[in-house]
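Once you know that position 39 of the sequence shown is 813 in this note's numbering, the rest is easy, because the numbers rise by one and skip nothing.
Notes for the one structure printed next.
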Amino acid sequence: MSPRSRRWISAALAAMVLALAAGAFSNPADDVDAKQRELERIRKEIESQRAKSKQLQTQERQALKTLSSLDKEIDLTNRYIKRLAEQEEILDERVGDLRVQIGGREIVLTQQEEALAARIRQMYKRDPQYRWEILLGAQSFNEAMTRYQFMKLVTAQDAKLINEFRESKTRLEVESARLAESLQEIIEVRAAREAESKQLENTKKKRQTTLSQIRNEKNRNADAIKELEKAQEEMQALIDEIIRRRVSDQDLPPSGEFAAMKGRLPWPVNGKMIRGFGKHTHPKYGTVTMNNGIDIQAPGGTPIIAVAAGVVEFVDWIDAFGKCVILNHGGGFYTLYAHVSTTMVAQGQKISRGQAIAEVGDTGSLQGYVCHFEVRQARKALNPIEWLGRKPSS
775 MSPRSRRWIS AALAAMVLAL AAGAFSNPAD DVDAKQRELE RIRKEIESQR AKSKQLQTQE
835 RQALKTLSSL DKEIDLTNRY IKRLAEQEEI LDERVGDLRV QIGGREIVLT QQEEALAARI
895 RQMYKRDPQY RWEILLGAQS FNEAMTRYQF MKLVTAQDAK LINEFRESKT RLEVESARLA
955 ESLQEIIEVR AAREAESKQL ENTKKKRQTT LSQIRNEKNR NADAIKELEK AQEEMQALID
1015 EIIRRRVSDQ DLPPSGEFAA MKGRLPWPVN GKMIRGFGKH THPKYGTVTM NNGIDIQAPG
1075 GTPIIAVAAG VVEFVDWIDA FGKCVILNHG GGFYTLYAHV STTMVAQGQK ISRGQAIAEV
1135 GDTGSLQGYV CHFEVRQARK ALNPIEWLGR KPSS
């Protein structure tokens, strides 16, 4: 086989390999667009929440509402930063794919350029009358027609070679432009992530300032208690609404199953109980508050589990309780898990006993990282200690 033939075959094989490679890589453009839409939605939520936080900070006697608003802002900002990191990862993947495609395209372009240059040199060396010599040198009319068809084929092949070279060069330029665009997007996403991280730190400082004011000022403490009592009323109204709107218990555990577990339920989180059920008197101000559950202190991010099988009735924010999860266990029994950070369940989802449903957080909390846990039978708050089994060893 001649060197020229080998070059033609190499170019053809390289083109096939490149085509297959291009098909093998999934173009993550759709993922980037989807992430961009989600980022824009969260961005608007953050702006709205920051406006609320700023408004509350200018008002007096709004301690817990300010804290709750800042907690929501922190939660949204954390989600936004996470989505930015995911978008950056997708863009990094796109850049990697483009670099592979460009590398393959450059190989094909080089081979096509070499083949085209060889063909031009060959044509340059030949006599201008070469084509006529081929035709006139035929021994018969049929041979002349055969030679003519062959020359047409060679001419078409030359034109194809030139067109393929031009197309490859254009594609290389397009892919190089896409690469430059993606690299610029990565720079912008990283800058946005850094800016949001700084904003997050500022918001956390505001939260700490608000928390210190609540803890140290008597008037604010009294206001916080009023807001807590109001939040408890809202909690009761929420549970009443849950009871009212439930039309079927088919998806709930059998009636009596939860009651049969009294005194044997697992603890929702492994930690230290810092506040029990019932009335509590503030050691400094003498104010009395009612705790409808227990507060378990644990490191942030510690898993919180469902103490029994049930259905998720509520996953959202409640002032003074932060982000909450409420489970319906059938027979009129409910459990509530408050001050959580990350949630792992959705409303209407069936939950099994011991399943992780959230992580310990400090949303709406005056006590740092804590899980507020309640057991309720319809409207009545029950003492969780009477329902929980042996406390796990720390």
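We put the beta carbon where it would ideally sit given N, CA and C, even for glycine.
Coarse secondary structure for residue i, derived from DSSP in three states
| i | result |
| --- | --- |
| Gly878 | helix |
| Tyr1143 | coil |
| Ser956 | helix |
| Lys1165 | coil |
| Glu962 | helix |
| Phe1107 | strand |
| Glu1148 | strand |
| Arg853 | helix |
| Gly1138 | coil |
| Val1043 | coil |
| Gly870 | helix |
| Ala859 | helix |
| Asn1066 | coil |
| Arg1049 | strand |
| Lys1097 | strand |
Close Cβ partners of residue i (< 8 Å) along its chain, the five nearest in sequence each way excluded
| i | result |
| --- | --- |
| Lys1053 | Val1062, Thr1063, Met1064 and Asn1065 |
| Glu1008 | Ile1092 and Asp1093 |
| Ser1115 | Asp849, Gly1074, Gly1075, Lys1097, Ala1132, Glu1133, Val1134, Gly1135, Asp1136 and Thr1137 |
| Phe939 | Leu883, Gln886, Glu887 and Leu890 |
| Ala1072 | Val1043, Asn1044, Gly1045, Lys1046, Val1134, Tyr1143, Val1144 and Cys1145 |
| Asp1090 | Lys1097 and Cys1098 |
Endpoints, beta strand (DSSP E) assigned at residue i
| i | result |
| --- | --- |
| Pro1077 | Pro1077 to Ile1079 |
| Trp1091 | Gly1084 to Ile1092 |
| Ala1120 | First-last for Ala1120: undefined, no H or E at that position. |
| Leu1156 | Lys1154 to Leu1156 |
| Phe1129 | According to the sequence displayed, residue 1129 carries Gln and not Phe. Run containing Gln1129: none; DSSP gives neither H nor E here. |
| Lys1053 | Gly1052 to Thr1055 |
Own chain partners of residue i with C-beta closer than 6 Å, once the 5 adjacent residues on each side are dropped
| i | result |
| --- | --- |
| Leu841 | Thr984 |
| Arg1150 | Tyr1108 |
| Pro1040 | Val1081 |
| Glu1160 | none |
| Leu865 | Ser956, Glu959 and Ile960 |
| Gln1006 | none |
| Leu953 | Leu872 |
| Leu787 | Any answer about Leu787 is weak, because its pLDDT of 34 lies below 50 and its placement is not dependable; what the coordinates show is given next. Contacts found: none. |
| Ser1126 | Ala1083 |
Member of the options whose CA lies at the smallest distance from the CA of residue i
| i | options | result |
| --- | --- | --- |
| Asn1102 | Arg853, Phe1088 and Glu1160 | Phe1088 |
| Asp1014 | Ile1100, Gly1050, Ile864 and Arg1038 | Ile1100 |
| Gly1084 | Pro1028, Gln958, Ser1139 and Met1047 | Pro1028 |
| Asn1157 | Ala859, Pro1166, Gly1037 and Ala1130 | Gly1037 |
| Ala1034 | Arg940, Ile1048, His1146 and Leu1162 | Leu1162 |
| Gln1010 | Ser942, Lys1154 and Ile1079 | Lys1154 |
| Asn852 | Leu974, Thr944 and Ile961 | Leu974 |
| Gly1122 | Leu1026, Ser956 and Ala1112 | Leu1026 |
| Glu1031 | Ala1120, Arg952, Gly1104 and Met1118 | Gly1104 |
| Leu1012 | Gly870, Ile864, Phe1095 and Glu847 | Phe1095 |
| Val869 | Ile1079, Ala951, Ser986 and Ser822 | Ala951 |
| Gln982 | His1113, Ser1139 and Lys943 | Ser1139 |
| Glu862 | Ala954, Lys943 and Arg964 | Arg964 |
| Phe1051 | Phe1147, Ala966, Tyr1111 and Ser822 | Phe1147 |
| Thr1117 | Pro1077, Arg1127 and Arg1019 | Pro1077 |
| Lys1004 | Lys839, Glu941, Glu860 and Lys943 | Lys839 |
| Ala859 | Tyr1111, Ser986, Glu968 and Lys943 | Glu968 |
Contact with chain C by residue i, beta-carbon distance below 7 Å
| i | result |
| --- | --- |
| Glu867 | The question asks about chain C, but that chain is absent: this structure has only one protein chain. |
Nonlocal neighbours in the same chain, by C-beta distance under 7 Å from residue i, ignoring five residues either side
| i | result |
| --- | --- |
| Ser971 | Ile855 |
| Ile1017 | Ala1152 |
| Lys980 | Leu844 |
| Leu946 | Ile876, Arg879, Glu880 and Leu883 |
| Arg1049 | Asn1065, Ile1068 and Asp1069 |
| Lys1165 | Trp1041 |
| Glu949 | Leu872, Gln875, Ile876 and Arg879 |
| Gly1106 | Gln1151 and Ala1152 |
| Gln1129 | Ile1079 and Ala1080 |
| Asn976 | none |
| Val1119 | Val1086, Val1089, Val1099, Ile1125 and Ile1131 |
Any non-hydrogen atom of the ligand HEM within 6 Å of residue i CB
| i | result |
| --- | --- |
| Arg967 | The ligand HEM is not part of the structure shown, which contains no ligands of any sort. |
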